Amino acid sequence: MARSTVAIGFLGTTLDVGTGPDRWERWRPTVSLCQQDDLLVSRLELLHPSSAKSLAKGVAADIAAVSPETAVRRHAIDIDDPWDFESVYSALDDFARGYDFKTDVEDYLVHISTGTHVAQICLFLLTESRRFPARLVQTAPRAKTTSPQGDVRIIDLDLSRYDRIAARFERERRDNVSTLKSGIATGNVEFNRLVGEIEHVATGSTDPILLMGPTGAGKSQLAKRIADLKRQRHQCDGAFVEVNCATLRGDGAMSTLFGHKKGSFTGAASDRPGLLRSADGGVLFLDEIGELGLDEQAMLLRALEEKRFLPLGADAEVTSRFQLIAGTNRDLALRVAEGRFREDLFARINLWTFRLPALRERPEDIEPNVDFELDRFADRSQRVVRFSREARDRYLAFARSAAATWSGNFRDLSASITRLATLAAGGRISVDDVDREIERLERSWRRTEADPPTSGPALAALLSPDDLAAIDRFDRMQLESVIEVCRSCRTISDAGRELYQASRLKRREANDADRLRKYLARFGLDWSRVTAASARR
Amino acid sequence: MPPLHINGSTGEGGGQMLRSSLALSMALGVPFRITGIRANREKPGLMRQHLTALQAAIAISSARAEGTAVGSREVTFAPGPVRGGSYRFAVGTAGSVTLVLQAILPALLVADEPSEVVIEGGTHARSAPTFEFLQHALVPLLARLGGAIDVRLEKHGFYPAGGGRVAVSVSPAATMSPLMIERRGEVRSTRAVSIVSKLPFDVARRELEAVRSRLGWSFDTRNARVVDDAPCPGNALLLYIESEGGTDIFGVIGERQKSSERVAAEACAEVESYLESDAPIGPHLADQLMVPCAIAAAKGAGESSFVTQPLSSHSTTNSEIVAAFLGRAPTIESRGAKSVRWSIR
């Protein structure tokens with residue numbers, strides 16, 4: 003069974019008019035639509051004001067003459083002011099909602115050559131948004147003849163059907179993808195597919211984006227690029243605001259994120275807008291979101307859902323519309339199961355989740371990233387440095403080998419290239435330079451891998467491996483002992499007395515508890531966490 | 010039986026190739042597949058009026074068909090037995106009633122029962138035979154092949170409103186006879202008729218005046234026929250030539266922005282060309298006769314032949330369709346520069 007074509011359109015209360023025989027000599031858009039040699043309209047849904055009922059009937063009769071195959075259904079639709087956007091849109095939307103579209107057997111055409119310009123605009127919008135699952139159809143008198151038949155043009159708003167437009171989009175998409183990749187011509191199929199998806203989401207959605215992946219995989223860089231892309235596309239005009247949640251611990255976290263009113267707590271000497279306010283109209287990148295405290299999580303959820311929140315000490319909520327990008331190297335689902343991450347917040351940000359691969363999973367991309375880092379070094383230091391051919395081959399061979407674990411991912415690569423470039427004599431990286439650098443890298447990776455056991459069970463339970471890796475061994479050993487002492491004491495004051503037993507005697511005021519609290523805060527820890535972890539064990 | 014393949018992209022007149030194929034297919038019970046329909050046109054594929062002819066053919070022969078949509082480039086058609094009876098068809102966009110008949114009339118002539126067919130649409134349409142041509146030139150010759158046909162104009166229909174109506178009664182032929190028209194003989198009478206609908210009478214007078222000055226055909230007010238049954242304005246100029254060999258009619262449809270004098274000049278040029286040759290059958294009549302003659306030959310009537318003016322590319326294509334369905338080509342012999350003899354056995 004062939005599909006049939008159904009046209010929907012307004013009666014042209016001026017152009018479709020005519021009663022005498024000479025009406026056949028004039029172009030009348032609605033009649034012309036049904037009069038085409040190569041277009042068979044099986045049914046016409048003719049919308050008209052009740053006042054034009056007799057004209058509608060006349061046009062229907064004329065269509066019956068020129069097109070016996072066309073059934074005309076008249077619909078009296080009264081719009082108070084056909085030039086008022088809201089009225090016309092509502093009337094047409096009501097019609098569309100009430101209409102039984104049978105898209106499996108019928109093709110729909112929305113006729114836009116009749117009705118007011120406002121009606122045209124509304125029909126366009128409703129068709130573009132697929133309220134009318136249709137293509138547009140335009141009728142026009144034929145140039146240079148007086149043929150009443152005229153011409154029709156069907157306009158499909160599905161832009162992907164037009165080759166030249168599609169090519170344009172493709173070009174733009176390639177530019178977008180290139181922006182996201184910082185212009186690095188990456189070859190890893192998995193990564194490129196991922197960036198393609200991110201491009202799609204970044205340009206088409208304002209929902210939160212969650213970037214997962216190990217430290218140094220480029221989450222922060224990618225978040226910046228997404229913000230750049232959104233700015234290019236005029237989808238945001240605000241700032242890119244970035245914060246690592248692991249650094250937001252204790253009393254300051256709330257205020258840093260959500261702001262405070264002057265005097266809301268000791269030390270709140272002036273108003274502070276907070277990062278969420280600063281990101282209004284822009285992009286907020288919360289790295290290590292898994293480290294956010296539960297109170298902050300609750301407030302963030304409200305800010306995401308309501309676009310409003312209450313700064314500390316304020317009596318009125320403030321609003322902020324920002325695009326959230328969250329980063330994490332943890333398994334957030336596990337944090338939810340442990341009760342350390344709110345399930346509702348997780349659900350809210352776990353919509354567009356992308357896992358960035360580790361550098362060792364992208365051996366193809368090492369070379370372009372090496373070049374990128376060299377260029378960056380040249381920009382930074384105004385010094386162009388190149389590998390010798392042999393040195394380059396040796397470095398790349400090592401970098402792609404199983405021996406290279408790249409545990410710090412791009413952070414390691416960037417540091418490695420910076421070292422090589424800085425140490426290179428005469429702007430040329432030699433084989434010897436590379437050999438020494440390979441030794442350095444291997445040593446550092448051996449250490450990181452060997453480290454966790456030496457850091458002791460207390461620290462391993464409190465801090466993530468990445469956080470641990472960022473702490474000097476010197477500090478780690480000290481911290482491990484401090485925690486042991488804390489856990490053997492009843493209160494923070496007891497622990498302070500024990501730990502500062504010598505220096506406290508030389509001080510006029512001995513606030514050991516405060517010293518200890520500040521020491522712990524340096525590592526993102528506090529008394530209750532340190533001791534609670536011990537209780538759970 | 011695998012369907013006969015007709016390549017619609019070669020030759021002239023995509024619409025006529027389809028209509029001739031339909032008529033031959035139904036009358037001979039041969040299925041066909043036509044591809045590349047109107048392939049080289051600006052708007053390729055089936056137009057609405059072709060679709061109407063196709064649907065009429067499906068209706069009278071209970072055919073199975075594929076590709077029955079506007080714009081279709083390929084049609085497959087497998088007819089059942091042609092059934093007489095009562096039919097009513099309507100042609101949109103003032104498409105021609107006579108063109109629909111071109112597809113179904115030859116088949117109805119060989120049906121099992123008589124038919125009453127009413128077709129609504131254009132009776133005087135551009136690029137199509139006029140009703141008068143059908144009635145006075147073609148039908149008398151078809152009757153000589155066998156059977157009886159009566160056509161009546163109930164209402165005139167012009168472009169663009171249409172609204173015309175033609176009723177046709179067909180009594181099928183028990184056996185078919187050959188047709189043989191070799192000589193025109195003496196011209197017995199000539200006559201010009203101008204039909205005007207909802208237009209000033211002057212349109213008719215100027216056309217008739219122009220015919221008189223060019224061909225010397227006299228006229229009086231009876232030669233102008235004012236009709237009032239069509240919904241829209243329209244005009245047709247018909248030039249009749251009745252000779253010993255039969256009647257032929259040359260018609261031109263008046264259009265907006267085309268002067269009465271232009272209409273008359275076009276019709277007169279056709280007449281002059283006809284009269285320059287000694288052929289009894291004009292080019293349009295030849296085009297309409299080929300398929301019925303071929304059907305008669307296929308039904309055992311023996312050889313039919315007629316002498317006509319040199320074949321247009323349109324007629325050559327039509328001859329090729331006939332050859333495809335019959336499995337033998339018509340013979341086309343030159344009779345000097347101005348006429349050819351077309352025959353099929």
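Protein sequence lines correspond, in order, to chains A and B.
So for the first sequence, this note's numbering puts the first residue at 3; every next one is plus one.
So for the second sequence, this note's numbering puts the first residue at 10; every next one is plus one.
Note that the Cβ used here is the ideal one computed from N, Cα and C, for glycine as well.
Remember, it's a predicted structure, so these values are computed and weren't measured experimentally.
- Within the same chain, and ignoring the five residues on either side of B:Glu251 in sequence, the residues whose Cβ sits closer than 6 Å to its Cβ are Arg197, Ser198.
- For A:Gly254, the enclosing alpha helix (DSSP H) begins and ends at 253–260.
- For B:Arg28, no CB of chain A lies under 8 Å from its own CB, so it is not counted at the interface with that chain.
- A:Ser52 sits exposed, since fewer than 16 C-beta atoms from the chains shown fall within 10 Å of its C-beta.
- B:Asn327 is classed as buried because its beta carbon has at least 16 other beta carbons within 10 Å across all chains shown.
- Counting of Cβ neighbours within 10 angstroms places A:Glu298 among the buried residues, the total reaching 16 or more.
- B:Gly173 and B:Gly345 have their alpha carbons spaced roughly 42 Å apart.
- Taking 8 Å as the CB threshold, A:Ala241 stays off the interface with chain B.
- Taking the Cα positions, A:Ala380 is about 33 Å away from A:His202.
- Residue range 475–490 is occupied by the alpha helix (DSSP H) that includes A:Glu486.
- The residue from B:Val119, B:Gly166, B:Ile304, B:Ala36 with its alpha-carbon nearest to that of B:Ala157 is B:Val119.
- Interface annotation for the region 70–89 of chain B against chain A: Thr77, Ala78, Val79, Gly80, criterion Cβ-Cβ distance under 7 Å.
- Exposure of B:His14 is indicated by the presence of fewer than 16 other C-beta atoms within 10 angstroms of its C-beta.
- In this structure, B:Val106 lies near B:Thr132, with their beta-carbon atoms less than 8 Å apart.
- A Cβ of chain B is located within less than 8 Å of the beta carbon of A:Val68.
- Look at the region 194–220 of chain B: the residues with a C-beta under 8 Å from a C-beta of chain A are Lys207.
- Assignment of alpha helix (DSSP H) within the region 40–68 of chain A, counting only whole runs of 4 or more residues, yields 55–68 in chain order.
- Here A:Ala225 really is in contact with A:Phe287; their C-beta atoms are around 4 Å apart, less than 8 Å.
- Under the three-state reduction of DSSP, A:Arg76 is assigned to strand.
- For the region 277–311 of chain B, no residue has a beta-carbon sitting nearer than 8 Å to a beta-carbon of chain A.
- Contacts between A:Glu27 and chain B, judged by CB atoms closer than 9 Å, involve Pro169, Cys241, Pro242, Arg265 in chain order.
- If you draw a straight line from the Cα of A:Arg388 to the Cα of A:Gln223, it comes to about 24 Å.
- Collapsing the DSSP output to three states places B:Gly22 in coil.
- In the DSSP annotation of this structure, the continuous segment of the alpha helix (DSSP H) that includes B:His323 starts and ends at 322–335.
- Taking C-beta separations shorter than 6 Å and ignoring five residues to either side along the sequence, A:Arg233 has no partners in its chain.
- For B:Gly94, the enclosing beta strand (DSSP E) begins and ends at 94–99.
- The Cβ atoms of B:Ser203 and B:Leu246 lie closer than 8 Å to each other.
- Any Cβ of chain B closer than 8 Å to the Cβ of A:Leu41 would place that residue at the interface, and such an atom is present.
- B:Asn16 is positioned such that its CB atom lies closer than 8 Å to that of B:Thr44.
- In the DSSP assignment, B:Lys164 forms a beta bridge with B:Arg174.
- By the Cβ criterion, the region 149–166 of chain B is not in contact with the region 221–230 of chain B, since fewer than three pairs of Cβ atoms, one from each stretch, lie closer than 8 Å.
- Chain-order list of chain B residues neighbouring A:Ala73: empty, with the shortest C-beta distance near 13 Å, by a criterion of under 8 Å.
- No Cβ-Cβ contact shorter than 8 Å links A:Leu465 with A:Glu482.
- Contact residues of the region 121–149 of chain B toward chain A are Glu129, Gly130 (C-beta to C-beta distance below 9 Å).
- Between B:Arg97 and chain A, the shortest Cβ-Cβ separation is not below 8 Å.
- The beta strand (DSSP E) runs of length 3 or more contained entirely in the region 101–172 of chain B are, from start to end of the chain, 124–130, 157–164.
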